[in-house]
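Here the sequence shown is numbered in our numbering, starting from 10 and rising by one per residue.
Have a look at the structure below, then the notes.
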Amino acid sequence: MESWLFLIAVFVIAALAKNRSLMIGVGFVLVVKALPPLQPFLKTLQAQGINWGVTVISAAIMVPIATGEIGVRELLKVFRSPAGWIAIAMGVLVAVLSAKGVGLLAQSPEMTVALVFGTIMGVVLLRGIAAGPVIASGMTYVILTVLNLLPQH
Numbered sequence: 010m011e012s013w014l015f016l017i018a019v020f021v022i023a024a025l026a027k028n029r030s031l032m033i034g035v036g037f038v039l040v041v042k043a044l045p046p047l048q049p050f051l052k053t054l055q056a057q058g059i060n061w062g063v064t065v066i067s068a069a070i071m072v073p074i075a076t077g078e079i080g081v082r083e084l085l086k087v088f089r090s091p092a093g094w095i096a097i098a099m100g101v102l103v104a105v106l107s108a109k110g111v112g113l114l115a116q117s118p119e120m121t122v123a124l125v126f127g128t129i130m131g132v133v134l135l136r137g138i139a140a141g142p143v144i145a146s147g148m149t150y151v152i153l154t155v156l157n158l159l160p161q162h
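This is the structure we're talking about:
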């Protein structure tokens, strides 16, 4: 019963914050949870969901290349500006942090609760978007590593 209340509370908070992505995600999990034949899918979603999401995001960011909006000329232009180099560096940093974060979540699933709570607070209180749990987990990994506080399992 506690999981239902927790999920419903997150859904309500997402609705109040007008965060469609979080509402859809929580709504989907609630539907799967409500249908007993689909409940085994929750484990698959937990194990593979982040990879599926990364695949969808990767496809989405390739669309401007596919449509011709971004080409080699734009890529070369990026290398001529400080902002472009900063963006490249941040892209590399986020990719590395996200990989470390996914590892942390696999090693310590309980960290997900804190990350989700922090993400919800950021969305509701600071008008953020719920796109950062993987990045947040990567940043958490770095800080925990620096402070030598990685959970031992």
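The C-beta atom is built at its ideal place from N, Cα and C for all residues, glycine as well.
Note on geometry: alpha-carbon atoms of I74 and V19 lie some 36 Å from one another.
The beta carbon of L159 lies closer than 7 Å to those of L153 in the same chain, with the five residues before and after it left out. Collapsing the DSSP output to three states places T76 in coil. Inclusion of V38 and L16 in the CB contact set at 8 Å is warranted, their separation being smaller than that value.
The DSSP-derived three-state label of E119 is coil.
Looking at the backbone, the Cα of Q57 and that of L25 are separated by about 29 Å. Boundaries of the alpha helix (DSSP H) harbouring F15: 11 to 25, taken from the DSSP string. Taking M148 as reference, the option from F126, L135, G110, V63 with the minimal CA-CA separation is G110. Here DSSP, grouped into helix, strand and coil, assigns S90 to coil. At a Cβ-Cβ threshold of 8 Å, K42 and L51 count as neighbours.
By the C-beta density criterion, I129 is buried, having at least 16 other C-beta atoms within 10 angstroms. N28 places its beta carbon less than 8 Å from that of V132. Between L106 and I144, the CB-CB gap stays under 8 Å.
Under the three-state reduction of DSSP, Q57 is assigned to helix.
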